[in-house]
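Down below is the structure, laid out as structure tokens.
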Amino acid sequence: MTALCRVSHREEAPQLARLWKICFGDTDDYIGHYFSTYYRPSRALVLEDRGQLRSMLLTFPNVLVTGEGREVPACYIYAFCTAPEARSRGYGRRLLAWAEEQAARQGCRLAVMVPGEASLFAFYETLGYRTVFFHREQIFTQTGTEDCTPVPCDGAAYAARRETLLAGQPHMAYPPEVMDYQRSLCRRTRGDFFLLGDGLTAVETDGETLFCKELLTTHPQEAVNALLTHFGRERAVVRTPAGPEDKAKGFAVAKSLVPGGDGQAEQTGYLAFAFD
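The sequence shown maps to residues 430 to 705 in the numbering used here.
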């Protein structure tokens with residue numbers, strides 16, 4: 430096989446953007462936002478065969494914080510895809526294996542992905558991944574008044590309160606640059622990061638619906654009431670950590686990059702941002 434796995438070249442960004450759009454159908458505006466803000470050649474890995482880019486994936490550094498407070502360096506893999514005409518040739522598996530090797534060499538102990546559709550959870554199991562991140566997704570409507578006001582905040586303030594609220598619960602944490610990129614995704618839709626009463630939320634807007642990519646609070650209905658009033662909307666889709674009695678939704682898969690496995694690194698936990 431003549432295929433070569435490598436980091437991308439800056440001049441290949443338009444080709445990567447085209448492959449991303451073909452495989453996932455995202456808008457040019459959304460894809461272009463990544464390349465104009467967060468893209469660096471080393472953050473996009475590709476498989477090339479006979480001069481053609483066949484597979485690609487993007488990487489984000491993350492940290493899994495265990496229930497005991499131990500920090501486990503992790504690599505979040507995003508936009509993993511293969512050109513339709515080049516599928517069933519093993520390109521994707523080869524690129525993913527190489528990406529895992531590179532992440533391990535850089536000190537990561539865990540690889541994490543959010544499958545793009547339900548059927549892919551079983552596929553990633555064949556590659557050594559397990560479903561370990563869960564959340565709860567609900568639809569809220571306005572049901573009364575609110576007693577708090579959403580206060581926009583930067584990534585640092587958001588991250589600081591977030592770590593306090595999630596203390597003792599296994600969860601994914603995000604370095605400052607990744608958090609800033611996540612906030613930029615919210616702001617491009619006229620949403621933002623907000624401190625909200627005793628909690629916080631990351632909001633995107635979509636027509637008449639609010640999308641709370643994360644809501645951490647002890648009073649979710651009151652918090653959503655405040656958000657709906659602030660944005661002049663009537664409906665919100667809200668993601669929250671899943672409690673012991675909640676109907677949890679499998680959200681992300683993880684694989685230990687440590688020889689022999691690392692049970693603590695794969696304990697069931699919470700991941701908020703899929704960059705969706």
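Ideal Cβ placement from N, Cα and C applies to all residues, glycine included.
request  = Locate the beta strand (DSSP E) running through Gln611, then write down its first and last residues.
outcome  = It is not in any beta strand (DSSP E) - Gln611 instead sits in the alpha helix (DSSP H) that spans Pro605 to Arg616.
query = Where does Val543 fall in DSSP's three states?
reply = It is coil, neither helix nor strand.
query = Roughly how many angstroms separate the alpha carbons of Thr638 and Tyr505, rounded to a whole number?
reply = One C-alpha to the other measures close to 28 Å.
query = Cβ atoms of Ala652 and Gly628: under 9 Å apart, would you say?
reply = Yes.
ask   = Alpha carbon to alpha carbon, what distance is there between Ala701 and Lys718?
value = Outside the shown range of the chain (430 to 705) lies residue 718, about which nothing can therefore be said.
ask   = Based on Cα-Cα distance, which residue from His564, Thr456 and Leu493 lies nearest to Val541?
value = Across the set His564, Thr456 and Leu493, the C-alpha of Leu493 shows the shortest separation from the C-alpha of Val541.
request  = Compute the distance between the beta-carbons of Gln598 and Pro502, then report whether it is under 9 Å.
outcome  = No, Cβ-Cβ distance for Gln598 and Pro502 is not below 9 Å.
ask   = What does a CB cutoff of less than 8 Å around Ile568 pick up in its chain, not counting 5 residues either side in sequence?
value = Answer for Ile568: Arg664, Ala665, Val666 and Val667, listed in chain order.
Endpoints, the beta strand (DSSP E) within which Ala508 is located = Where Ala508 is concerned, the enclosing beta strand (DSSP E) stretches over Glu500 to Thr511.
key: Residue burial classification, Phe453 (beta-carbon count within 10 angstroms, cutoff 16)   = It is exposed - the Cβ of Phe453 has fewer than 16 other Cβ atoms within 10 Å.
request  = Measure how close the beta-carbons of Gly461 and Ala446 come, nearest whole angstrom, since I'm counting them as under 8 Å.
outcome  = With a Cβ gap of about 7 Å, Gly461 and Ala446 count as contacting.
ask   = With a cut-off of 8 Å, do at least 3 Cβ pairs link the segment 521–534 to the segment 432–451?
value = The segment 521–534 makes contact with the segment 432–451: 3 or more CB pairs, one atom from each, lie closer than 8 Å.
key: Reference Pro579, options Pro443, Thr488, Cys641 and Phe563, closest by Cα   = Checking every option, the nearest Cα to that of Pro579 belongs to Cys641.
query = Between Leu486 and Ala528, is the Cβ-Cβ spacing less than 9 Å?
reply = Annotated as proximal: Leu486 and Ala528, with beta-carbon spacing under 9 Å.
request  = Could you tell me the distance, in whole angstroms, from the CA atom of Ala655 to the CA atom of Leu614?
outcome  = Rounded to the nearest angstrom, the two C-alpha atoms are 21 Å apart.
Alpha-carbon to alpha-carbon, Gly536 and Thr555 = So the alpha carbons of these two residues sit roughly 24 Å apart.
Cβ neighbours of Arg559 in the same chain (closer than 8 Å, five flanking residues each side left out) = These residues qualify, in order along the chain: Val682, Ala683, Lys684 and Glu695.
request  = Indicate whether Ser484 and Ala442 have their beta-carbon atoms separated by less than 9 Å.
outcome  = Note that the C-beta distance between Ser484 and Ala442 is not below 9 Å.
key: Sub-9 Å separation of Asp407 and Arg617 beta-carbons   = Within the shown structure, residues of the chain are numbered from 430 to 705, placing residue 407 beyond reach of any answer.
request  = Identify every residue that forms a DSSP beta bridge with Cys434.
outcome  = Within the DSSP secondary-structure output, Cys434 pairs in a beta bridge with Leu476.
task = Please classify Asp583: is it buried, with 16 or more other beta-carbons within 10 angstroms of its beta-carbon, or exposed?
result = So Asp583 counts as exposed.
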